[in-house]
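Engineer: Chains U and P, in that order, are what the protein sequence lines are.
Using my numbering, the letters of the first sequence map in sequence onto residues 13 to 226.
Using my numbering, the letters of the second sequence map in sequence onto residues 0 to 93.
Note that the Cβ used here is the ideal one computed from N, Cα and C, for glycine as well.
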Amino acid sequence: MPHDHHDHDHLSPSGHPYRQDNDEALTYWQTMEIAIRELLIEKGEVTSTEINAQIDAMDARTPTNGAKVVARAWDEPDFKAALLEDGAKATKEMGFDIGPMNLVAVENTDDVHNVIVCTLCSCYPRNLLGLPPDWYKTREYRSRTVKEPRKVLAEFGVNLPENVACRVHDSTADMRYIVLPARPAGTDGWSQEQLAELVTRDAMIGTGLPLPAS
Amino acid sequence: MDLLKMLEPGLPVTIRDMSPPGHVRTPKYLRGKSGVIERALGPYENPEQRAYCLPASKKQLYRVRFTMEELWGGNAENPHDTLDAEIYEHWIEV
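Set out below in structure tokens:
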């Protein structure tokens with residue numbers, strides 16, 4: 013192997029440090045996962061093709077799903093009302109099934125800014141936003157967002173004026189949350205496809221705002 | 000346990016200050032704190048049983064809204080900001 017001479021401190025030709033190979037022994041839980049997976053395959057309960065198809069399906073979910081929901085809510089008042097009334101039902105009709113969970117959409121206005129956190133683990137509307145970003149799962153984000161949300165938001169570049177109320181939503185049980193950001197100014201007459209381009213992942217977590225129209 | 004009567008939005012409630020062993024979904028920082036019902040979410044299977052693959056009873060689930068002042072006292076960043084969390088009925092005292 014090219015890097016067997018223990019020069020881990022040296023930089024690769026790309027300028028980045030060489031990443032150490034993951035040669036450590038498997039943990040107890042990794043071993044258990046492999047054992048159960050292999051047993052399920054051997055007993056004919058699932059096939060490796062089905063497992064990989066599920067991983068592909070999970071990887072295929074991205075924030076563009078959520079952006080379509082937000083853009084439609086901006087464009088269609090009836091849909092927005094349905095989304096705020098019953099988020100799971102409204103989004104299921106668009107083909108985004110959240111399964112046995114429920115979805116609560118919370119609306120940002122001139123007076124209110126919402127932000128989502130899961131202090132207990134990493135609950136996240138994966139069917140609309142894909143896998144959560146690494147920071148969402150950190151103890152730092154989870155513990156600080158419920159205590160000093162304005163400071164956390166400022167670090168994300170969102171500075172809330174004093175007169176805007178901050179509402180934190182701790183996703184502790186069966187609900188999943190999506191923030192419905194305020195529609196950016198200067199977007200009158202835009203198509204839903206154009207509007208969706210402005211909707212970032214962080215805008216739907218509440219740690220960001222939609223992109224400006226310009 | 001039978002489902003309690005549905006609690007109405009705006010009703011003042013207090014979260015029980017208890018520390019049972021095992022899997023619970025009421026964060027420690029909310030126990031003993033008071034808020035108001037934000038909305039009723041309907042019955043869901045009790046995760047404290049479900050986590051151990053036991054037959055799970057249905058419990059009413061609520062969103063409860065707390066002020067930051069209630070949660071953090073004088074250390075609150077902005078006393079009037081709020082935090083909403085989902086709490087099962089058996090953790091709620093009316």
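Answer yes or no: does any C-beta atom of chain P fall closer than 8 Å to that of U:ALA94?
Structural biologist: U:ALA94 does not count as touching chain P.
Engineer: May I ask which residues mark the beginning and end of the beta strand (DSSP E) holding U:ILE217?
Structural biologist: Counting along the chain, U:ILE217 falls outside any beta strand (DSSP E), though it belongs to the alpha helix (DSSP H) covering 213-217.
Engineer: Which ranges does the beta strand (DSSP E) cover as unbroken runs of at least 3 residues, wholly within the region 100-131 of chain U, from first to last along the chain?
Structural biologist: Listed in chain order, the complete beta strand (DSSP E) runs (minimum 3 residues) inside the region 100-131 of chain U are 114-119 and 124-129.
Engineer: Out of P:VAL93, P:ILE86 and P:GLU92, state which residue places its alpha-carbon closest to the alpha-carbon of P:GLY41.
Structural biologist: The candidate whose alpha carbon is nearest that of P:GLY41 is P:ILE86.
Engineer: Given that a residue counts as buried once 16 or more other Cβ atoms are within 10 Å of its Cβ, and exposed if not, what is U:THR219?
Structural biologist: Buried is the call here.
Engineer: Measure the alpha-carbon distance for U:PHE108 versus U:LEU95 and round it to whole angstroms.
Structural biologist: Distance between the alpha carbons of U:PHE108 and U:LEU95: 12 Å.
Engineer: Are at least three pairs of beta-carbons, each pair with one atom in the region 158-177 of chain U and one in the region 68-81 of chain P, less than 8 Å apart?
Structural biologist: The region 158-177 of chain U, when compared against the region 68-81 of chain P, does touch it at the 8 Å Cβ threshold.
Engineer: Below 8 Å, how does it come out for the region 44-62 of chain P and the region 208-216 of chain U: are there three or more Cβ pairs, yes or no?
Structural biologist: No: fewer than three Cβ pairs fall under 8 Å.
Engineer: Is U:ALA194 near U:ALA225, with beta carbons less than 8 Å apart?
Structural biologist: Not a contact, by the Cβ cut-off of 8 Å.
Engineer: Can you give me the C-alpha to C-alpha distance between U:GLN66 and U:ARG49, rounded to a whole angstrom?
Structural biologist: Going from the Cα of U:GLN66 to the Cα of U:ARG49 covers about 13 Å.
Engineer: Could you pull the start and end residues of the beta strand (DSSP E) that P:PRO11 belongs to?
Structural biologist: Residues 11-14.
Engineer: Along the chain, where does the beta strand (DSSP E) containing P:LEU60 start, and where does it finish?
Structural biologist: Run containing P:LEU60: 57-66, per the beta strand (DSSP E) assignment.
Engineer: If you drop the 5 nearest sequence neighbours on each side, which residues of the same chain put their C-beta closer than 8 Å to that of U:ILE46?
Structural biologist: Counting only Cβ-Cβ distances below 8 Å, and skipping sequence neighbours, we find LEU38.
Engineer: Does the region 141-153 of chain U come into contact with the region 65-81 of chain U, if we say contact requires no fewer than three beta-carbon pairs (one atom in each stretch) closer than 8 Å?
Structural biologist: Yes, the region 141-153 of chain U touches the region 65-81 of chain U.
Engineer: Give the C-beta separation of P:ARG24 and U:THR184 to the nearest angstrom, bearing in mind that I take them to be a contact with Cβ-Cβ under 8 Å.
Structural biologist: At roughly 5 Å, the Cβ-Cβ gap stays under 8 Å, so P:ARG24 and U:THR184 are in contact.
Engineer: So, is the C-beta of P:TRP71 closer than 8 Å to a C-beta in chain U?
Structural biologist: Taking Cβ atoms only, chain U reaches closer than 8 Å to P:TRP71, which makes this a yes.
Engineer: State buried or exposed for P:ARG64, treating a residue as buried only when at least 16 other CB atoms are found within 10 Å of its CB.
Structural biologist: P:ARG64 is buried by the Cβ-count criterion.
Engineer: Do you know offhand how far U:ARG84's Cα is from P:GLU7's?
Structural biologist: For U:ARG84 and P:GLU7, the distance between alpha carbons rounds to 31 Å.
Engineer: Would you list, in chain order, the members of the region 57-85 of chain P that have their beta-carbon closer than 9 Å to a beta-carbon of chain U?
Structural biologist: So the close ones are LEU60, ARG62, ARG64, MET67, LEU70, TRP71, ASN74, ALA75, GLU76, ASN77, HIS79, ASP80, THR81, LEU82, ASP83, ALA84 and GLU85.
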